[in-house]
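Data first, discussion second: the structure below is written as structure tokens.
In this note's numbering, the protein residues as written are 119 to 294.
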């Protein structure tokens, strides 16, 4: 039996929860794959990344999309650019096919969540994918998932992974 990759699972959920009036934040634009996918479902997508390489890749991938705003800034400052949104997406780890030492950090991601969750609309969704094999990745997963699972304003809808040592994990939460 073949396993479903976490990205496929995330996209299934995106298809299920999105509507044409949604305002979406892709907090970690990376190569722009999620940004492009979301742009076909939502009214407007705000994509953030701190790496110029990621910004350029996302800009190239989404060049034909008129509803995408690409912002070179930390996910800790999303609220400075967009005040209310319906969906918040994080894809943690590092930019694929790039320097794996440049990766998301537990402290800044936790801070980003604390600062930006108040701007996630009621009944809005948080989708987060953790890649655990890089140095610090499993600790990032453990600390952030624990924080989110214990947040009284969030309800966990699903945790998905597969049987493999340090396999990626996808979680989706809904704001109460």
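Every residue gets a Cβ at the ideal spot worked out from N, C-alpha and C, and that includes glycine.
Tell me the DSSP secondary structure of residue i in three-state form.
i: residue 195; result: helix
i: residue 293; result: strand
i: residue 282; result: coil
i: residue 189; result: strand
i: residue 222; result: coil
i: residue 184; result: coil
How many Å lie between residue i and residue j at the Cα?
i: residue 258; j: residue 290; result: 16 Å
i: residue 183; j: residue 155; result: 10 Å
i: residue 214; j: residue 252; result: 12 Å
i: residue 147; j: residue 173; result: 7 Å
i: residue 132; j: residue 255; result: 24 Å
i: residue 119; j: residue 247; result: Residue placement at residue 119 is flagged as unreliable, the pLDDT there being 46, under the threshold of 50; the coordinate-derived value follows with that caveat. Straight-line Cα distance between these residues: approximately 23 Å.
i: residue 196; j: residue 125; result: 23 Å
i: residue 220; j: residue 229; result: 18 Å
DSSP has residue i in a bridge; who is on the other side?
i: residue 202; result: Residue 202 is not bridged to any residue.
i: residue 277; result: 289
i: residue 272; result: 293
- Touch check for the region 234 to 246 and the region 257 to 276: three-plus C-beta pairs under 8 Å? Cβ pair count under 8 Å is three or more, so yes.
- Which ranges would you report for the alpha helix (DSSP H) in the region 125 to 175 if only whole runs of at least 4 residues count? Qualifying alpha helix (DSSP H) stretches, in chain order: 151 to 157.
- Message: Extract the residue ranges of the alpha helix (DSSP H) inside the region 229 to 268, only unbroken runs of 4 or more that lie entirely within it.
- Response: Within the region 229 to 268, the runs of alpha helix (DSSP H) that reach at least 4 residues and sit entirely inside it are, in chain order, 255 to 267.
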